[in-house]
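Undergrad: Numbering (full-length UniProt numbering), first residue to last: 1 to 286.
The following block contains the structure:
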């Protein structure tokens with residue numbers, strides 16, 4: 001487990017208000033952007049030491065992280081410009097002028113971030129960026145030893161050392177059973193004891209309905225690609241597809257074509273596998 005003294009130091013840094021200024025938050029997010037941009041190849045190489053991961057998917061994760069940093073920086077800039085606004089609906093002062101209001105959103109505290117092996121950088125960098133944007137500090141469990149080793153050497157060069165903690169002992173993360181990429185708010189007592197105040201998991205899978213008003217073939221192909229990406233572990237991908245009778249033949253044919261292409265391209269097989277990411281079950285009514 002991370003040393004209690006280190007957690008207390010992180011808590012003390014938060015309570016001093018270090019993360020409240022928007023400029024501080026922006027600089028940390030810019031640091032993440034620079035870290036990824038300047039060490040892109042090294043980050044990819046560290047991730048693909050796990051032979052289950054695809055180089056193309058890891059590169060996509062990092063590219064999306066760069067886009068996300070720009071998006072959050074733009075939001076902070078816009079928020080800073082609109083922070084002090086005049087309210088047209090408020091009651092006028094006696095001299096006829098409108099009162100000026102400050103909009104302040106308080107941060108929560110310390111966020112615990114866990115990685116998912118199938119998409120390590122999306123599950124790490126996304127929550128890190130979001131935590132900084134919200135004015136929170138964080139404790140990180142990178143999961144993969146190669147990624148942990150690389151990040152532990154890079155992060156101090158790009159971020160304020162008071163804003164994060166690498167949980168190299170991998171103990172704090174045992175507080176929460178997180179089967180998927182997740183973040184948790186930690187409660188740290190004055191003695192250094194740690195408990196979970198709140199936690200959240202990646203959105204679970206959902207269902208979709210395919211009918212004749214859409215393109216059934218495109219829907220089937222997109223579903224296969226999404227379901228088989230990131231070793232079948234990608235979040236937000238539908239787990240059940242309800243298909244209208246009118247377009248079922250097209251959907252069924254396109255799905256099989258996409259699966260065959262997947263098998264031939266990657267040298268894998270998905271046929272007759274009860275544990276395959278995709279299975280086709282036909283439900284009929286009497």
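Every residue, glycine too, gets a C-beta built ideally from N, C-alpha and C.
Grab me the residues of residue 122's own chain with a C-beta within less than 6 Å of its C-beta, minus the 5 sequence neighbours each way, in chain order.
TA: If we look at residue 122 and ignore the five residues flanking it on each side, its Cβ neighbours are 61.
Undergrad: Check the C-beta distance from residue 126 over to residue 47 and give it rounded, since I have them as a contact under 8 Å.
TA: Between residue 47 and residue 126 the Cβ distance is about 15 Å, and since that is not below 8 Å, they are no contact.
Undergrad: Are the beta-carbon atoms belonging to residue 231 and residue 53 less than 9 Å from one another?
TA: Yes. Within cutoff.
Undergrad: With burial defined as no fewer than 16 other Cβ atoms inside 10 Å of the residue's Cβ, what is the status of residue 214: buried or exposed?
TA: So residue 214 ends up on the exposed side.
Undergrad: So, is residue 141 buried or exposed, given that buried needs 16 or more other C-beta atoms within 10 angstroms?
TA: Residue 141 is buried by the Cβ-count criterion.
Undergrad: Please look up how many angstroms separate the CB atoms of residue 72 and residue 29, rounded, as I've assumed it's under 8 Å.
TA: That belief holds up - the Cβ atoms of residue 72 and residue 29 are roughly 5 Å apart, short of 8 Å.
Undergrad: With residue 138 as the anchor, note down where its alpha helix (DSSP H) starts and where it stops.
TA: No alpha helix (DSSP H) contains residue 138, which is instead part of the beta strand (DSSP E) from 137-141.
Undergrad: Would you report the Cα separation of residue 10 and residue 191, rounded to the nearest angstrom?
TA: Their backbone Cα atoms lie some 13 Å apart in a straight line.
Undergrad: Are the beta-carbon atoms belonging to residue 219 and residue 242 less than 9 Å from one another?
TA: No, Cβ-Cβ distance for residue 219 and residue 242 is not below 9 Å.
Undergrad: Measuring only the C-alpha atoms, how far is residue 77 from residue 58?
TA: One C-alpha to the other measures close to 29 Å.
Undergrad: Pull up the CB-CB distance for residue 158 and residue 137, whole angstroms please, since I reckon it's below 8 Å.
TA: No, residue 158 and residue 137 are not in contact; Cβ-Cβ is about 15 Å, not under 8 Å.
Undergrad: Apply the 10 Å Cβ neighbour rule to residue 189 and answer buried if 16 or more other Cβ atoms are within range, or exposed otherwise.
TA: Exposed, because fewer than 16 other Cβ atoms sit within 10 Å of the Cβ of residue 189.
Undergrad: I need the straight-line Cα distance from residue 36 to residue 7, nearest angstrom please.
TA: Residue 36 and residue 7: Cα-Cα distance of roughly 26 Å.
Undergrad: If you count every other CB in all the chains shown that lies within 10 Å of the CB of residue 135, and 16 or more means buried, which is it?
TA: Its Cβ being crowded by 16 or more others within 10 Å, residue 135 is buried.
Undergrad: According to DSSP, simplified to helix, strand and coil, what is residue 286?
TA: The predicted position of residue 286 is uncertain, since its pLDDT is 44 and thus under 50; no value can be drawn from it.
Undergrad: Take residue 51 as the anchor and find which of 211, 117 and 5 has the nearest alpha-carbon.
TA: It is 117.
Undergrad: Within the same chain, show all residues whose beta-carbon is closer than 8 Å to that of residue 68, passing over the 5 residues directly before and after it, in chain order.
TA: For residue 68, where only same-chain residues beyond five positions count, the Cβ hits under 8 Å are 125, 126 and 129.
Undergrad: With burial defined as no fewer than 16 other Cβ atoms inside 10 Å of the residue's Cβ, what is the status of residue 208: buried or exposed?
TA: The residue is exposed, with fewer than 16 neighbouring Cβ atoms inside 10 Å.
Undergrad: When the Cα of residue 154 is compared with those of 38, 226 and 257, which residue comes out closest?
TA: Minimum Cα distance to residue 154 is reached at 38.
Undergrad: Could you pull the start and end residues of the alpha helix (DSSP H) that residue 68 belongs to?
TA: First-last of the alpha helix (DSSP H) with residue 68: 55-82.
Undergrad: Looking at the structure shown, is residue 157 part of a helix, part of a strand, or coil, going by DSSP?
TA: Residue state, collapsed to three classes: helix.
Undergrad: Which term fits residue 82, buried or exposed, when burial requires 16 or more other beta carbons within 10 angstroms of its beta carbon?
TA: With fewer than 16 other Cβ atoms within 10 Å, it is exposed.
Undergrad: Would you mind stating whether residue 110 and residue 32 have Cβ atoms separated by less than 9 Å?
TA: It is not a contact, given that the beta carbons lie outside the stated cut-off.
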